[in-house]
Amino acid sequence: MTHHEMWLPESSTDHLRGRTLRVDGEGVLLDTVRREAARAAMLPATTDADVTIDLDESLGPETFRLVRRDGVTNVVAGDERGALYGWFELVRLGARALGDDVPGQVNRPAHAMRMLDHWDNIDVHPVMGQVERGYSGGSIFYDAGEVRADLSRVGAYARLLASVGINRVAVNNVNVHAREARLLTDDLHEVVRIAEQFRPWGIRVHLSVSFAAPILLGGLPTSDPLDAEVAQWWADAVARVYEAIPDFGGLLVKADSEGQPGPFSYGRDHADGANLLARALAPHGGIVHWRAFVYNHTQDWRDRSTDRARAAFDHFTPLDGRFDENVVVQVKHGPMDFQVREPVSPLLAAMPGTRLALELQVTQEYSGQQQHAVHLGRPWSEVLGFRPSGDDGPTVSELAGGGLAAVSNVGDDFFWTGHPLAQSNLYAFGRLSWDPQLAPSAVLDEWIALTFGDDPELARTVHGILDDSWETYESYTAPLGVGFMVNPGQHYGPSVDGYEYSPWGTYHFADRDGVGVDRSVATGTGFAGQYPEPWRSRYEDPATTPDELVLFFHHLPYGHRLHSGKTVVQHIYDSHFDGVERVERMVASWEQARGRVPDDLFERVSERLAEQLRSATEWRDQVNTYFLRKSGIPDERGRRIF
Ligand code: GCU
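Be aware that the sequence shown starts at 1, since it is given in the UniProt record's numbering, and climbs by one per residue.
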């Protein structure tokens, strides 16, 4: 074994061993199901069988249903993908899959597009390494400046993704450097090889492209989206891609953002830019994912009128209705940048005439970089279920008609994700994009059962460590939604003023009297006004802003009393002391897992927990000391602050 098997160890199919299976129909994905069954040591049958799989188109795409009759479990699937997903449901259910209480409801994904984005570079980038914001070693796709000769691990990855319903993968970084730009043209034959690994698992490959590709790769003098030659260049390039990869998914673009080229250079807007690519893709059924992460990253910190949180909304809402049908505008879940706590991006509720995708970050850039055990199912579930226009309005999941996309967290590390427990995040993203209404803690338990098998005590231990680990992380890092306070550049560990005088637009404005960003309409940047009611009014006033976001929206005196009854500064002290104590308990409880999990896994998690405790302590002491020194207000409980 060259890598850990994540949630599909051999034992996950124990209940199917020796049973008989009949699969009716022909096709690449049905062959995959047959191979999976053989791998599970099921016996093929032509007539009577314990399990049968057959297609009934009336169910619709990607859909399946389990029917139990006369001692036979029948997977009825709307198409081949549905059959594959139905197979993995049999795995997930364990012994229940062959019992009379199989859940019989129709299983249909809430989102047609369930995508993972890889921020992988072919070359090792001098600052970012090979995988930008990657914490799991090198890329599974690329090595030594080339696509890997042996891509078998990509196949293993594809299998894992299919088992949680992922159906699209973008295979290179949205920051497209010169080497990676060539995947679209000169290296297309290599992308063909990557697509071959994904195809048997029903996963379509996408590429990130540079908006300047016509100049970079085509030798044209311009990449102006309204230039006819530029349009022709894209049409030709895309046609060649589809000739080589008929099931190619489409293109992903980061334009006019953090130094990436875009339509602004030509006085054009993002609808012009996105439609240019959309028109090249349309004849082939392809999609362009156009990211809304556009803001000024060279801001002057002295300038209090510019608010990065406003940027996506300000850039994109005027364009609503102008995007072609095969454009998906991809919106980060928060208005800033994947912070541990942000309000939901108001853009998600402001583009009724545009297909939107929600973008999440499975890789833990701002949530402990896979050194800290932080399970993200809970915050994602909150975001997906949030109703920007109040209780009668749609959820974020419903507003994201273009589906879900997330930055992957895997690499060539033996455990795939550096921290073995971070595998749970990949799992949860897949399951929640299939069904956003699943309870995150039930999804966590599914992952635990599949990964660790039937050991109730171990399950309790792992559940106890992960279930509220996001709240734990939040409690010892930046307080009350104010965000950042991380070391600039690599974003790991505390640096309270690390970004305070930087050009990136991420400030907390702490002074001797208080802390937080005034984003109200009345006296601040006006960001609160980007929300529909009732949230616009709620966020406008500290009295109706939820505590956990209050410093995102308001600059408040240290003595301001929160809904919790605590003052802001006492909340900071209490939550930071509490957070470290919670990590101490995590460390202690992991001891229960000794001897119950493989030694290498036990050791890896132990090492990471030790680092988490060190880092959390550092966060606690720096943040508490900073605010004690700024405010001069002592801790009510007289604990040690430096
Ligand atoms: C963050 C991250 C970058 C990334 C960017 C993006 O700013 O730090 O590495 O390129 O997001 O989403 O494009």
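By construction, the Cβ of each residue, glycine as well, lies at the ideal position given by its N, Cα and C atoms.
Cβ pair residue i, residue j closer than 8 Å
i    : j    : result
S520 : E533 : no
K630 : D511 : yes
A428 : V407 : no
F338 : A312 : no
R168 : H206 : yes
F211 : V171 : no
F642 : T625 : yes
V605 : P420 : yes
G595 : E548 : no
Q330 : R291 : yes
T99  : V67  : The identity of residue 99 in the sequence shown is Gly, whereas the question assumes Thr. Not closer than 8 Å, so no.
L426 : L384 : no
P440 : G368 : no
L151 : R193 : yes
P388 : A349 : yes
L347 : F316 : yes
P214 : W233 : yes
T32  : W201 : yes
F509 : A528 : no
H289 : L252 : yes
K254 : V327 : no
G138 : I122 : no
A610 : G403 : no
A237 : L184 : yes
G411 : S136 : yes
M351 : D320 : yes
Buried or exposed by the 16-neighbour rule on C-beta atoms within 10 Å, applied to residue i
i    : result
L43  : exposed
S223 : buried
T298 : exposed
G249 : buried
T363 : buried
H375 : buried
T47  : exposed
E258 : exposed
D120 : buried
T13  : buried
T544 : exposed
E10  : exposed
H563 : exposed
Y476 : buried
D186 : exposed
D574 : buried
Q361 : buried
Own chain, CB closer than 6 Å to residue i, minus 5 neighbours either side, in chain order
i    : result
G524 : D518
I53  : V23, V75 and A83
W434 : P109 and G165
G94  : H15
R65  : V76 and V106
L613 : V583 and V587
P436 : A110, L384 and S397
Close beta carbons around residue i, own chain, < 7 Å, minus the five adjacent residues each side
i    : result
F414 : H3 and H4
L466 : A373, H375, L421, S424 and L444
T567 : Y558, G559, H560 and R561
G25  : D54 and L55
P318 : none
S589 : T461, G464 and I465
R272 : Reading the sequence as shown, one finds Asp at residue 272 and not Arg. Same-chain partners within the cutoff: P225, L226 and P263.
Sequence-distant residues of the same chain with beta carbon closer than 8 Å to residue i, five excluded per side
i    : result
S495 : M485, V486, N487, P488 and Q622
T506 : R308, M336, D337, G483, F484 and Y499
A38  : P44
D324 : A274, N275, A278, R279 and A282
I203 : A158, L161, A162, I166, N167, R168 and V169
G493 : V486, N487, S615, E618 and W619
Residue i CB to nearest heavy atom of ligand 2 below 7 Å
i    : result
N296 : Ligand 2 is absent from the structure shown, which contains only ligand 1.
Fully enclosed by the region 22 to 104, which beta strand (DSSP E) runs are 3 residues long or longer? With a minimum length of 3 residues, the continuous beta strand (DSSP E) runs that stay inside the region 22 to 104 are 51 to 55, 64 to 69 and 72 to 77.
Which complete alpha helix (DSSP H) runs does the region 389 to 420 hold, if anything under 4 residues is left out? Qualifying alpha helix (DSSP H) stretches, in chain order: 396 to 399.
Sequence ranges, beta strand (DSSP E) only - wholly within the region 179 to 217, length at least 3: List check, beta strand (DSSP E) in window: 204 to 208.
What are the complete alpha helix (DSSP H) segments, minimum 4 residues, inside the region 448 to 488? If only complete runs of 4 or more residues are kept, the region 448 to 488 shows the alpha helix (DSSP H) at 456 to 466 and 469 to 476, in order along the chain.
Contiguous beta strand (DSSP E) assignments of at least 3 residues, all confined to the region 303 to 379: Within the region 303 to 379, the runs of beta strand (DSSP E) at least 3 residues long that lie entirely inside it are, in chain order, 327 to 332 and 356 to 361.
Whole alpha helix (DSSP H) elements within the region 547 to 628, 4-residue minimum: Scanning the region 547 to 628 for uninterrupted alpha helix (DSSP H) segments of 4 residues or longer gives 550 to 553 and 568 to 590, listed from N- to C-terminal end.
Which runs of the beta strand (DSSP E), 3 residues or longer, sit entirely within the region 264 to 308? The region 264 to 308 contains these whole beta strand (DSSP E) runs: 287 to 291.
List, from N- to C-terminal side, the beta strand (DSSP E) runs of 3 residues or more that fit wholly inside the region 97 to 165. Correct list: 114 to 117, 120 to 125 and 129 to 131.
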